[in-house]
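Have a look at the structure below before the remarks.
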Amino acid sequence: MSETGTPPRERSGMDRLRRALKSPSRGQAVVGVLVGILAFAAVTQVRLAGKDDTYANLREAELIQALNGLQAASRKAERDISDLESTRDQLRSSTLRRTTALEQAQKEVQTLGVLAGTVPATGPGVTITVDDPKNELSLNHLLDGIEELRNAGVEAVEINDRVRVIAQTSFEEDPDGVRVDGVVLKPPYVIDAIGSPDTLAGALQFQDGFTDDVEADGGKVSIKKADRVGVSVTRTPVKPRYAEAVPGQ
Amino acid sequence: MIAIIGLVVGVVLGLFLTPDVPLSMEPYLPIAVVAALDAVFGAFRAFLDGIFDDKVFVVSFISNVLIAAMIVFLGDKLGVGAQLSTGVVVVLGIRIFSNVAAIRRHIFHA
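Residue numbers (our numbering), protein chains in the order written: chain A, 1 to 249; chain B, 1001 to 1110.
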């Protein structure tokens, strides 16, 4: 120490401290260097321990513990995933069912729409032109023709591109020709019918059938088969007033 | 006085240099710090007792750090690194406490 000249026994520790603080010595420099190294290392270690990579300086047992914790967490996450996946599958299958039902319903709407005359239709069929130059044909001739077409499985019929013929269509006599569903039609009558062209044509042309009848009474019939006949007239559907659907059917 | 300046300089250097400790040194650094702390407190106590010697301090400082690091190294090799380093920290902690108690008696006479 610096105060080698004075007997150290008589001085207290505090006196020595005070003196050392006031008068630096060579020995203190060594102490300062070492204490500086200590401080440097301590600060580095504090910074290291405060770093975020929590697993870097863990030991085996601690790592195993951390691993167990992570495994439990991942098991829980996997359970959650499978739960959510089953929920998703349920939702997907119910959506699929709904979509299928919707598609089916739409298909049914199309089918029923063709039959009820609410949608335009196209397909193979025949175009029948009935001319009446002498004005001698009656409504019965036309009704016979429509009836024969129905028997032959016609699916959509329109007359003169003006009236769609469906189950409820009415036919009346009119001085100018015929009145179909309240629309007056004059000859020549052009009937577009969708169905099997051969069956439809055959149904009209058999011996003593529609064609023969009309021609016997002075009319003229021409039947043209076509791969594509358009029935473009539509009707607005009418809600039945008296008939009700039987529920559950 | 110089000791305090050294302390401050060390802290500032550590804060501003932010040195990267090699991975192989990482387990030994905390134990070495605790061992050095013990040496410093021991030296301070000896200083207050009037029996301080810089040579003794330097030797005890370095040997404390080396022995602590060696114990940890040995513990790691034996597979009881965690327990042994805990033991070293406990022993050094007890020594630091008793040294601080002696220093306290000197300074506060209590």
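For every residue, glycine included, the Cβ atom is placed at its ideal position computed from N, Cα and C.
May I have the straight-line CA-CA distance separating residue i from residue j, to the nearest angstrom?
i, j, result
"ILE1107 of chain B", "VAL1100 of chain B", "10 angstroms"
"ASP131 of chain A", "ASP213 of chain A", "13 angstroms"
"ARG47 of chain A", "ALA72 of chain A", "31 angstroms"
"ILE194 of chain A", "THR129 of chain A", "14 angstroms"
"GLY177 of chain A", "LEU200 of chain A", "24 angstroms"
"ILE1103 of chain B", "ILE1096 of chain B", "10 angstroms"
"ASP161 of chain A", "GLY218 of chain A", "24 angstroms"
"GLN106 of chain A", "ALA121 of chain A", "15 angstroms"
"GLU230 of chain A", "GLU158 of chain A", "Reading off the sequence shown, one finds Gly at residue 230 of chain A, where the question assumed Glu. Approximately 9 angstroms, taken between the alpha carbons."
"VAL1059 of chain B", "ARG18 of chain A", "25 angstroms"
"GLU136 of chain A", "LYS220 of chain A", "11 angstroms"
"HIS1109 of chain B", "ALA29 of chain A", "28 angstroms"
"LEU204 of chain A", "ALA243 of chain A", "34 angstroms"
"LEU112 of chain A", "SER232 of chain A", "16 angstroms"
"ILE270 of chain A", "PRO1030 of chain B", "An answer regarding residue 270 of chain A cannot be provided, because it is not within the stretch 1 to 249 covered by chain A."
"GLY145 of chain A", "VAL109 of chain A", "28 angstroms"
"VAL183 of chain A", "THR99 of chain A", "41 angstroms"
"PRO1019 of chain B", "GLY27 of chain A", "28 angstroms"
"ASP80 of chain A", "LEU91 of chain A", "16 angstroms"
"ALA49 of chain A", "VAL1021 of chain B", "12 angstroms"
"SER1063 of chain B", "MET14 of chain A", "28 angstroms"
"PHE1175 of chain B", "ASN68 of chain A", "Because residue 1175 of chain B is not part of the residues shown, which for chain B are 1001 to 1110, the question remains open."
"ASP1038 of chain B", "VAL1089 of chain B", "10 angstroms"
"VAL1091 of chain B", "PHE1073 of chain B", "17 angstroms"
"ILE166 of chain A", "GLU85 of chain A", "51 angstroms"
"ALA39 of chain A", "GLU78 of chain A", "48 angstroms"
"GLU1026 of chain B", "VAL1034 of chain B", "14 angstroms"
"LEU1017 of chain B", "SER25 of chain A", "29 angstroms"
"SER93 of chain A", "THR87 of chain A", "10 angstroms"
"ARG97 of chain A", "GLN104 of chain A", "10 angstroms"
On a CA-only basis, which of the options is nearest residue i? Give me that one, please.
i, options, result
"LYS239 of chain A", "A:THR127, A:GLN168, A:ALA216, A:ASP174", "A:GLN168"
"GLU172 of chain A", "A:VAL43, A:THR199, A:LEU139", "A:LEU139"
"ASP174 of chain A", "A:ILE166, A:VAL163, A:VAL165, A:LYS186", "A:LYS186"
"SER222 of chain A", "A:THR211, A:GLN90, A:ALA216", "A:THR211"
"PRO188 of chain A", "A:LYS134, A:GLY202, A:PHE206", "A:LYS134"
"LYS224 of chain A", "A:GLY202, A:ILE166, A:LEU96", "A:GLY202"
"LEU1007 of chain B", "B:ALA1036, B:LYS1077, B:ALA1046, B:LEU1048", "B:ALA1036"
"PHE1047 of chain B", "A:ALA20, A:LEU84, A:ASP192, A:SER93", "A:ALA20"
"ARG228 of chain A", "A:ASP192, A:SER25, A:ALA101, A:VAL246", "A:ASP192"
"ARG179 of chain A", "A:GLU62, A:LEU102, A:SER94, A:LEU143", "A:LEU143"
"SER12 of chain A", "B:ARG1045, B:VAL1012, B:SER1024, B:LEU1023", "B:ARG1045"
"THR236 of chain A", "A:ARG150, A:ASP181, A:LEU58", "A:ASP181"
Sort out for me which residues DSSP pairs residue i with in a bridge.
i, result
"THR127 of chain A", "A:ASP192, A:LYS224"
"ILE159 of chain A", "A:VAL163, A:ILE191"
"VAL184 of chain A", "A:ARG179"
"ASP174 of chain A", "A:GLY177"
"ALA121 of chain A", "A:VAL231"
Is residue i near residue j, with beta carbons less than 8 angstroms apart?
i, j, result
"VAL119 of chain A", "THR234 of chain A", "yes"
"ALA1069 of chain B", "TYR1028 of chain B", "yes"
"VAL114 of chain A", "ALA156 of chain A", "yes"
"VAL43 of chain A", "GLY1093 of chain B", "no"
"ARG164 of chain A", "GLY123 of chain A", "no"
"GLY1087 of chain B", "ILE37 of chain A", "no"
"ARG16 of chain A", "GLY1079 of chain B", "no"
"ALA1032 of chain B", "ALA41 of chain A", "yes"
"ALA1043 of chain B", "VAL31 of chain A", "yes"
"VAL35 of chain A", "VAL1056 of chain B", "no"
"GLY1075 of chain B", "LEU1084 of chain B", "yes"
"PRO197 of chain A", "ALA216 of chain A", "no"
"GLY209 of chain A", "GLU148 of chain A", "yes"
So, is the C-beta of residue i closer than 8 angstroms to a C-beta in chain E?
i, result
"PHE1057 of chain B", "Considering every chain present, this structure includes no chain E. Its protein chains are A and B."
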